[in-house]
Amino acid sequence: MREFGLYINGQWEAAKGGKTAPTINPATEEPWANVAVADREDVRKAVAAAKKAHDSGVWRNKSPQERGEILQKVAAAIFERQDELAAAEVQDGGGTMRKAMSMDVPGAAQTFFHFGQFIQGDEYKAMLQEEYDETVPIPSHNLVVREPIGVTAGITPWNFPMIMGAWKIAPSIAAGNTCVIKPASVTPVTTLMLAEICTQAGVPAGVVNVVSGPGGTAGEELATHPDIGKVAFTGSTEVGKRIMQLGAGTLKKVTLELGGKSPNIILPDANLDTAALGALFGTFMHQGQICESGTRVLVHESIHDEFLEKMVEGIKRIKIGDTMDPTTGMGPLVNAQQRETVEKYVALGNEQGAKCVTGGKRPDGISKGYYFEPTIFDQVDNKMRIAQEEIFGPVVSVIRFKDEDEAVRIANDSVYGLGGAVWSANKERAVALARRIETGTVWVNDYHMINLRFPFGGYKQSGIGRELGKWGMAEYHQLKHIHVGEHTGPEGKFYFQMLLN
Amino acid sequence: MPEQRVRRSGTGDILPFANHAATGTFTIDMPTIDITARAAEIVERVRAQRSGPLTFTIDGGCCEGTAPHLYEHYVLAPGAHAVAEVCAVPVYMPEAMATLYEDARVTIDVVDDPLSDAMSLETEYGVRFVLRESASGAAE
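Chain order of the listed sequences is A and B. So for the first sequence, numbering that gives the first Met the number 0 puts the first residue at 0; every next one is plus one. So for the second sequence, numbering that gives the first Met the number 0 puts the first residue at 0; every next one is plus one.
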């Protein structure tokens, strides 16, 4: 059985209390590695290492050119170890090998590469310093500069451990910060490996630290530690709220990327073949365990029957099975608790009068692993619990609408506002509709197309702040205005007369 | 005109709960929330270790699922109203959820979960509160 410690100050360390816990493969229900469990002292040690590395200037004093080179080396190093990383990701989180090789590993590598390149460019140079001449009330020269925050914390979920780890590390250290990351306790391994890879690629010790531990101790310590200037969290709404509360005591910058119940709107002029597969991709990818999944498919009543039929036909193209098999499209849910939750909502859907058209049960012939069939509920009213609560599993609700106004009303009738989509042959019409939907991302004729260049985050209860792109990068800095006034005698400062005779 | 909301507790007694100065009264349905003996024991254990006021909050979403969270010194949103009380701890739900759960009968239970990432106080003891739900009308 493999052993993993905590990764602090450029090296592997056992937890001070010596505690470890096994991590379970959701496809086999068997442990496959032992991982150190951090307590508050371990977290404090990691924060101290990050603070020391920041204060020493060993990282922040490097030019963006230099830091960018190193981040790009991290990307290359990730690709070099892709087989090992992909296998670990599959065994920890229950995603398929197909997902790990085409999404997780490239996604993580590209995140480091993208931000490594970005900081070497002119756009970042302009972000770092803007200059203005002012004449009112007297002549002055003004600099608006961006500086790193210091030590940032990242708390990540179990659905995309490597990618989420990369999103919390790369932009932070690209900006000159140092960081401490707490991965989800059920999927700690690949984030720990990422920290080692960073060191191997030339990131100085203490710049990237990873401590795996429970939310109530390790997570709470990060959210309240006075030396941490920013917490970036991806996970459930309730935990996000608590992190914001805990951060208030030391006025931390907080970004939260939380839950969603994203509307996927199909207009009558859409290519129904593509949109139907898009709806499946948007809901069943990674067993529906993606925050921005299009779990409410809003379909125009004129095309409803045809569209539903295409969705049901399309499901036959999803193979559920052994996660290591490259032909498998759907693996198990991450643990027993998540599957229980899905089963509860399926029962609720049936109880509240929705029609389960396909799925709704564990697959036949599979005796081990937390598997569940892709499930479509039709005749769903948006007020039903399966349409309002986030299930975080392979369950989609199909809802009918008469016209665009109703589609918008239904789409926005949710406490969440993370993602959404509009499918139509008429792009202008789709964009006009997209502007009316209260979500942080809207895809037109697509789903799950997250791009490192563009901001990602939620409206309403789906979160605050944005990650990715220059907007996400800005949030890993602080702004400073330097006003350079003329060096004159007192007569040059007439406004002093507001006080002085 | 502000109303006095009346709520049902797990024991079936009707307890007054005024969220504004009350003049008129009417009854609205609130979710019925019970707690198992084992979970109640954990609440007492937490209470013995903490000095601040305890709060249960139930909210949804994402990786943690819809679950009860037990906190000390929780900051309540202005719209929050307690939908029940268990072990003398008020249970809060956001407005939209309380409406959704109007007819629900739920029970707070506890399971072994040494790696929980929730920031709920019971996680210190390697356990985690969960929400169990029965079909409407059936007792848990």
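All residues carry an ideal CB built from backbone N, CA and C; glycine is no exception. Every value quoted in this text rests on a predicted model; they were computed, and no experiment measured them.
- Task: Using the Cα positions of residue 298 of chain A and residue 382 of chain A, report the straight-line distance between them to the nearest angstrom.
- Result: 16 Å
- Query: By DSSP, does residue 578 of chain A sit in helix, in strand, or in coil?
  - Reply: Nothing can be reported for residue 578 of chain A, as the shown portion of chain A is limited to 0 through 500.
- Message: Would residue 323 of chain A and residue 96 of chain A qualify as a contact pair, given that the criterion is a beta-carbon distance under 8 Å?
- Response: yes
- Selection of the stretch 436-468 of chain A by Cβ proximity to chain B, strictly under 7 Å: none
- Give the interface partners of residue 113 of chain B over in chain A, defined as CB-CB distance under 9 Å, in chain order. 20, 36, 184, 213
- Query: Do you know whose CA, among A/355, A/120, A/43, lies nearest residue 520 of chain A's CA?
  - Reply: Since the first residue shown for chain A is 0 and the last is 500, residue 520 of chain A is missing from the structure and cannot be characterised.
- Task: Report the rounded CA-to-CA distance for residue 126 of chain A versus residue 144 of chain A, giving the unit in angstroms.
- Result: 7 Å
- What did DSSP end up calling residue 126 of chain B once you bin it into helix, strand or coil? strand
- As assigned by DSSP and simplified to three states, the class of residue 132 of chain B: strand
- Task: Closer than 8 Å by beta-carbon distance: list the chain B residues that pair up with residue 234 of chain A, in chain order.
- Result: 61, 62, 63, 116
- Distance cut-off 7 Å: residue 94 of chain B Cβ against heavy atoms of the ligand NAP: Among the components modelled here there is no ligand, and therefore nothing to report on the ligand NAP.
- Item | Distance, residue 104 of chain A Cα to residue 331 of chain A Cα | 20 Å
- Task: Quick one: give me the first and last residue of the beta strand (DSSP E) that residue 58 of chain B is part of.
- Result: 53-58
- Taking 8 Å as the CB-CB cut-off, is residue 132 of chain B touching chain A? yes
- Going by DSSP, name the residue or residues bridged to residue 176 of chain B. Chain B is shown only over 0 to 139; residue 176 of chain B falls outside these bounds and no answer can be derived.
- Is there at least one Cβ from chain A nearer than 8 Å to residue 68 of chain B's Cβ? yes
- Message: Mapping the DSSP letters down to three states, classify residue 86 of chain B as helix, strand or coil.
- Response: coil
- Query: What in chain B is Cβ-close to residue 257 of chain A, meaning under 7 Å?
  - Reply: 60, 61
- Close-in-space but distant-in-sequence residues of the same chain around residue 349 of chain A (CB under 7 Å, 5 per side omitted): 355
- Item | Top-ranked residue by Cα proximity to residue 227 of chain A, from A/282, A/369, A/21, A/246 | A/246
- Please report the Cβ distance between residue 451 of chain A and residue 291 of chain A, rounded to the nearest whole angstrom; I am assuming they are in contact, meaning their Cβ atoms lie under 8 Å. In fact, because the Cβ distance is near 15 Å, the residues do not count as touching under 8 Å.
- Message: On the DSSP bridge list, what partners appear for residue 33 of chain B?
- Response: B/106
- Rounded to whole angstroms, what's the CA-CA distance from residue 66 of chain A to residue 176 of chain A? Just pull it up for me. 11 Å
- Query: Under 8 Å between C-beta atoms, does residue 123 of chain B make it to chain A?
  - Reply: yes
- Query: With distances taken from CA atoms, which of A/461, A/242, A/132, A/99 is nearest residue 220 of chain A?
  - Reply: A/242
- Between the C-alpha atoms of residue 513 of chain A and residue 61 of chain A, what's the straight-line distance to the nearest angstrom? Examination of residue 513 of chain A is not possible in this model, given that chain A is present from 0 through 500 alone.
- Query: I think residue 394 of chain A touches residue 443 of chain A, with their Cβ atoms under 8 Å apart; what is that distance to the nearest whole Å?
  - Reply: Contact flag wrong, Cβ pair sits at about 25 Å.
- Message: What does the Cβ neighbour count give for residue 55 of chain A, buried or exposed, with the cut at 16 atoms within 10 Å?
- Response: exposed
- Message: Check whether the stretch 85-93 of chain B and the stretch 52-71 of chain B touch, using three or more Cβ-Cβ pairs below 8 Å as the test.
- Response: yes
- Identify the continuous alpha helix (DSSP H) that holds residue 304 of chain A and give its terminal residues. 303-314
- Message: Tell me whether the stretch 404-419 of chain A and the stretch 312-319 of chain A touch, counting them as touching only if at least three CB pairs, one residue from each stretch, are closer than 8 Å.
- Response: no
- So which residues of chain A does residue 50 of chain B contact, with C-beta pairs closer than 9 Å? The premise fails here: residue 50 of chain B is roughly 17 Å from chain A at the closest Cβ pair, so nothing lies under 9 Å.
- Query: From the beta carbon of residue 141 of chain B, is the nearest beta carbon of chain A less than 8 Å away?
  - Reply: Only positions 0 to 139 of chain B appear in this structure, which leaves residue 141 of chain B out of reach.
- Message: Can you find the residues in the same chain that come closer than 7 Å, C-beta to C-beta, to residue 183 of chain A, ignoring five residues on each side of it along the sequence?
- Response: 155, 156, 157, 160
- Query: So which residues on chain A does residue 56 of chain B lean against when the C-beta distance must stay under 8 Å?
  - Reply: 237
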